[in-house]
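Chemist: Take this structure, written in structure tokens, and hold onto it; I'll ask about it next.
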Amino acid sequence: MGKVVLVTGVARQLGGRFVRRIQRDPDVDRVIGVDAVAPEHHLGGADFLKADIRHPAIARVLAETNVDTVVHMDINGTPLGGRGGRGSRATVKETNVIGTMQLLGACQKAPHVKRLVVKSSSSVYGSAPRDPAVFTETTPPKSLPSGGFAKDAVEVEGYVRGFARRRPDVAVCVLRFANVLGACADSPLAEYFSLPVLPTVLGYDPRLQFVHEDDAIEALCMASGKPRRGTLNSGTFNIAGDGALLLSQCSRRLGRPTLPLFLPTVTWAGTALRSLGISDFSPEQIRMLTHGRVVQTTQMRETLGFHPKYTTAETFAEFARSRGPGLLPPEVLARTVDRLAAVLPARSGPTL
Amino acid sequence: MADAKVIPFGEEPRSRRKVKRPGRGGRRTALAPVPEPRRQEAPEQPSGAAGASLEQRIAGGLRFLRRRLTGEYEVDDFGYDEELTDQVLMSVLRPLYEKYFRVEVKGIENIPADGGALIVANHSGTLPLDGLMLQVAVHDHHPAGRHLRLLAADLVFVLPVINELARKAGHTLACAEDAQRLLERGEVVGVMPEGFKGIGKPFADRYKLQRFGRGGFVSTALRAGVPIVPCSIVGAEEIYPKIGDAKTLARVLGFPYFPLTPTFPWFGPLGLVPLPTKWTIQFGEPIPTDGYPAEAADDPMLMFNLTDQVRETIQHTLYKLLVQRRSVFF
Chain L
60 MGKVVLVTGV
70 ARQLGGRFVR
80 RIQRDPDVDR
90 VIGVDAVAPE
100 HHLGGADFLK
110 ADIRHPAIAR
120 VLAETNVDTV
130 VHMDINGTPL
140 GGRGGRGSRA
150 TVKETNVIGT
160 MQLLGACQKA
170 PHVKRLVVKS
180 SSSVYGSAPR
190 DPAVFTETTP
200 PKSLPSGGFA
210 KDAVEVEGYV
220 RGFARRRPDV
230 AVCVLRFANV
240 LGACADSPLA
250 EYFSLPVLPT
260 VLGYDPRLQF
270 VHEDDAIEAL
280 CMASGKPRRG
290 TLNSGTFNIA
300 GDGALLLSQC
310 SRRLGRPTLP
320 LFLPTVTWAG
330 TALRSLGISD
340 FSPEQIRMLT
350 HGRVVQTTQM
360 RETLGFHPKY
370 TTAETFAEFA
380 RSRGPGLLPP
390 EVLARTVDRL
400 AAVLPARSGP
410 TL
Chain F
5 MADAKVIPFG
15 EEPRSRRKVK
25 RPGRGGRRTA
35 LAPVPEPRRQ
45 EAPEQPSGAA
55 GASLEQRIAG
65 GLRFLRRRLT
75 GEYEVDDFGY
85 DEELTDQVLM
95 SVLRPLYEKY
105 FRVEVKGIEN
115 IPADGGALIV
125 ANHSGTLPLD
135 GLMLQVAVHD
145 HHPAGRHLRL
155 LAADLVFVLP
165 VINELARKAG
175 HTLACAEDAQ
185 RLLERGEVVG
195 VMPEGFKGIG
205 KPFADRYKLQ
215 RFGRGGFVST
225 ALRAGVPIVP
235 CSIVGAEEIY
245 PKIGDAKTLA
255 RVLGFPYFPL
265 TPTFPWFGPL
275 GLVPLPTKWT
285 IQFGEPIPTD
295 GYPAEAADDP
305 MLMFNLTDQV
315 RETIQHTLYK
325 LLVQRRSVFF
């Protein structure tokens, strides 16, 4: 008898891709996708159930379908469909926190559930100048995220830990993803990198870390299946590509010039733009782009046994290719310097 | 106390010391440190090859520019930009190091050629120039071309611009996690355990080592099993003689102290020019830590003993160097 997998948040791109991917797994019999709205993309042969995880109806779904693996992906920073999409920040927060509570409550009552996978984020560590440069899974953050998505993620993880205590028979895996980038990622960070000129904070050059969409999906698959020999796939893991990029490097590789602004100006402009509905750049995103964040991935490699295909730099290169050239494409700059190099020695020869 | 037992060091005879001592005329020009390309090999070049070397340097500079403009360079997890440090930051600091403070380095061979090591140095001078000079000393003089990774106070990473430069120069926050990670990767890590107590001490207390924190550096070195290299820096104490402390102003600005020197706030930015003292940096014999059992890192008594040993070594070397010093400025 194969597994029955329930996936929440399938109306998102990443959720949809994961559903299509997990069906190819030979151990999986049936995949049930759940979301409050019908997805625009197809879900392969998966069953879609229109259910809001904030309502107790989710318990009935779990009971009727004999689900044994729950993959909770409905933890998001922005409403579906980007800005102007359905719902506000309050709705998103409710889905993240109340939705998780309802889902975990339902799981607790469902004796068939054997495995729970939660898609969390490395933003639970916050971003502060007084933190260690590299976060491990056990690093306590110096300053807890004060609001926004990061706080939601911290609260969600708290509920998940409570659930793991109450149902010790369920294998619980929390994956803390770094910023997910890829050809079709629709995160606020991807939106930021699509701006023609990147506003940055004057005097700060944050270290950023990315994980490729494909790797994110593979990691979720690995966490929702049986652990491979010699590995353990329950616990908390940081998932990120190797290495780090500075924001200045990112902007140069994208070919998009930066506009350094004073920190108070950036915070103020962020608030103004948000209230106008032009951008939904949250204060925690601004903090991330000020102080940066890098996580350690030793646990991911050694315990989970997951080796990402893309490094941070490769992920970013892939993303840059999908976005098209910016105002100052690196190729053009390189050619200009090469031309200069061809001219200069000839000029400097006679002068000596 | 005055006739304390002098711990023998890998002291070089005076004759073998570096004879290179730039003339005093050079000091005046170096008052304003300007970025200068690194030209150590330039004087040795035969005159006929001068044109070629210039061309090579232009070509090298353009290659560098190309990599910088297109973002095709590497930084590590800590944000250390090796290329930028080698080509730009060190070149900016080098005139200050060679011409202004005329730093004399002794015992550089005490830093192992490979593997991790923890350099523990005294801290002084109101502004952390001693850390930067130590970094240049290791970078320019070590035969294996090792790079020093300094552990800096959290204040450094709060200040804009400073934090960016510090990260790119390979500095990181002085915390056990970061130090451990760097040591396990086999880096040479520099730490100044006196912290603000050392760098901000009044001029009257110069060359008196302060308390060495809580000895966290010893347990970190023990956990990583790397040797501790004691390092004594003479000369940094006198660059900004701190004769007063505007405590209220410091509290308002959020700094640990606000120094008053004979020149500083009175002459405005001109007061920020350090006094051109003559520096000596002496690296002592490494203290091995790999012979201890694994649980030794949690033994407070051993921690205190080792901390004291390192502290005494540095203090004695400081006294010895001070006795040898002819004058503060030469």
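Line order of the protein sequences matches chains L and F. The numbering of the first sequence is this note's numbering, which starts it at 60 and goes up by one. The numbering of the second sequence is this note's numbering, which starts it at 5 and goes up by one. For each residue, glycine too, the CB sits at the ideal point set by N, CA and C. Given the structure is predicted, the values throughout are model-derived calculations rather than measurements.
#1: Put Thr265 of chain F into one of helix, strand or coil per three-state DSSP.
#2: Taking the alpha-carbon positions, what's the Ala209 of chain L to Glu343 of chain L distance?
#3: Give the DSSP-derived three-state secondary structure of Lys62 of chain L in the structure shown.
#4: Note down, in chain order, each residue of its chain lying with its Cβ closer than 8 Å to the Cβ of Pro255 of chain L, except the 5 sequence neighbours on either side.
#5: Contact criterion: CB-CB distance below 9 Å. Does Asn126 of chain F meet it with respect to chain A?
#6: Sort L:Met347, L:Cys232, L:Arg113 by Cα distance to Ala192 of chain L and report the nearest one.
#7: Distance check for Asp127 of chain L and Leu155 of chain F, CA to CA, integer angstroms please.
#8: Closer than 7 Å between beta carbons: that is the criterion. Which residues of the segment 353 to 383 of chain L meet it against chain F?
#9: Could you tell me which uninterrupted alpha helix (DSSP H) segments, each at least 4 residues in length, are contained entirely in the segment 209 to 264 of chain L, listed from first to last along the chain?
#10: Please report the straight-line C-alpha distance between Val402 of chain L and Phe68 of chain F, rounded to a whole angstrom.
#11: List the endpoints of the continuous beta strand (DSSP E) containing Ala156 of chain F.
#12: Listed from N- to C-terminal order along the chain, which residues in the segment 63 to 82 of chain L have their beta-carbon within a distance smaller than 7 Å of any beta-carbon of chain F?
#13: Using only the alpha-carbon positions, how far apart do Ala400 of chain L and Gly75 of chain F sit?
#14: At the 9 Å Cβ level, is Asn309 of chain F part of the contact set with chain L, yes or no?
#15: Mind pulling the chain F residues with CB within less than 8 Å of Val396 of chain L?
#16: If you pair each beta-carbon of the segment 301 to 313 of chain L with each one of the segment 322 to 334 of chain L, do three or more pairs fall below 8 Å?
#17: With H, G and I counted as helix, E and B as strand and the rest as coil, what does DSSP make of Phe161 of chain F?
#18: Using CA coordinates, which residue listed in L:Val64, L:Thr295, L:Tyr369 is at the minimum distance from Glu361 of chain L?
#19: Would you please state the rounded distance, in angstroms, between the beta carbons of Pro280 of chain F and Tyr104 of chain F? I believe it to be under 8 Å.
#20: Taking only beta carbons into account, state which residues of the segment 238 to 256 of chain L come closer than 7 Å to chain F, listed in chain order.
#21: In or out: Pro98 of chain L buried (at least 16 other Cβ within 10 Å) or exposed?
#22: Quick one: what does DSSP say Gly68 of chain L is sitting in, helix, strand or coil?
#23: Quick one: grab the DSSP three-state call for Leu267 of chain L.
#24: Would you say Arg311 of chain L lies against chain F (beta-carbon separation less than 9 Å)?
#25: DSSP has Arg174 of chain L in a bridge; who is on the other side?
#26: Tyr218 of chain L versus chain F: which residues are under 8 Å apart at the beta carbon?
#27: Taking the alpha-carbon of Leu320 of chain L as reference, which of L:Val66, L:Leu257, L:Ser246, L:Ala95 has the nearest alpha-carbon?
#28: With distance defined between alpha-carbon atoms, name the residue in L:Leu318, L:Leu304, L:Ser246, L:Ala328 nearest to Leu139 of chain L.
#29: What are the start and end residues of each continuous alpha helix (DSSP H) run of 4 or more residues lying completely inside the segment 82 to 108 of chain F, in chain order?
#30: Give a yes or no on whether the C-beta atoms belonging to Ala237 of chain L and Val354 of chain L are separated by under 9 Å.
#31: Helix, strand or coil for Pro234 of chain F, going by three-state DSSP, please let me know.
#32: On the DSSP letters alone, give me the boundaries of the beta strand (DSSP E) that Leu320 of chain L sits inside.
#33: I'd like to know whether the C-beta of Gly83 of chain F is nearer than 9 Å to at least one C-beta of chain L.
#34: Quick one: is Leu133 of chain F near chain L, going by C-beta distance under 9 Å?
#35: Consider the Cβ of Val96 of chain F: report whether some Cβ of chain L lies at a distance smaller than 9 Å.
#36: With H, G and I counted as helix, E and B as strand and the rest as coil, what does DSSP make of Arg89 of chain L?
Modeler: If we stick to the structure as given:
#1: Under the three-state reduction of DSSP, Thr265 of chain F is assigned to coil, being neither helix nor strand.
#2: Ala209 of chain L and Glu343 of chain L have their alpha carbons spaced roughly 7 Å apart.
#3: Three-state DSSP puts Lys62 of chain L in a strand.
#4: Taken in chain order, the residues that qualify are Arg315, Gly385, Leu386.
#5: Any reference to chain A falls outside this structure, whose protein chains are L and F.
#6: For Ala192 of chain L, the nearest C-alpha among the options comes from L:Met347.
#7: So the alpha carbons of these two residues sit roughly 49 Å apart.
#8: Cβ contacts with chain F come from Val353.
#9: If one requires a minimum length of 4 residues, the alpha helix (DSSP H) runs lying completely within the segment 209 to 264 of chain L are 247 to 252, in chain order.
#10: Using only the alpha carbons, I get a separation of about 17 Å.
#11: Per DSSP, the continuous beta strand (DSSP E) segment holding Ala156 of chain F begins and ends at 152 to 156.
#12: Result list empty, no residue passes.
#13: About 18 Å.
#14: No, Asn309 of chain F lies away from the interface with chain L (no Cβ there is under 9 Å from its Cβ).
#15: By Cβ distance, chain F contributes Leu66, Leu69, Arg70, Leu73.
#16: The segment 301 to 313 of chain L is not in contact with the segment 322 to 334 of chain L.
#17: Helix, per DSSP.
#18: Glu361 of chain L has its Cα closest to that of L:Thr295, out of L:Val64, L:Thr295, L:Tyr369.
#19: Right, the Cβ-Cβ distance comes to about 6 Å (below 8 Å), so this counts as a contact.
#20: The segment 238 to 256 of chain L vs chain F, Cβ under 7 Å: nothing.
#21: Answer is buried; the Cβ neighbour count reaches 16.
#22: Here Gly68 of chain L sits in coil by DSSP.
#23: Note: Leu267 of chain L maps to strand in three-state DSSP.
#24: With its beta carbon less than 9 Å from one in chain F, Arg311 of chain L belongs to the interface.
#25: Under DSSP, Arg174 of chain L shares a beta bridge with L:Thr128, L:Ala230.
#26: Chain-ordered listing is empty here: chain F has no CB closer than 8 Å to the CB of Tyr218 of chain L, the nearest sitting near 27 Å.
#27: With distances taken between CA atoms, Leu320 of chain L lies nearest to L:Leu257 out of L:Val66, L:Leu257, L:Ser246, L:Ala95.
#28: Looking at the Cα atoms, L:Ser246 is the closest of the given residues.
#29: With a minimum length of 4 residues, the unbroken runs of alpha helix (DSSP H) contained wholly in the segment 82 to 108 of chain F fall at 94 to 99.
#30: Yes, Cβ-Cβ distance for Ala237 of chain L and Val354 of chain L is below 9 Å.
#31: It is a strand residue.
#32: Segment 317 to 320, the beta strand (DSSP E) holding Leu320 of chain L.
#33: It does: the Cβ of Gly83 of chain F has a partner Cβ on chain L nearer than 9 Å.
#34: Leu133 of chain F does not count as touching chain L.
#35: Cβ-Cβ to chain L under 9 Å: no for Val96 of chain F.
#36: Three-state DSSP puts Arg89 of chain L in a strand.
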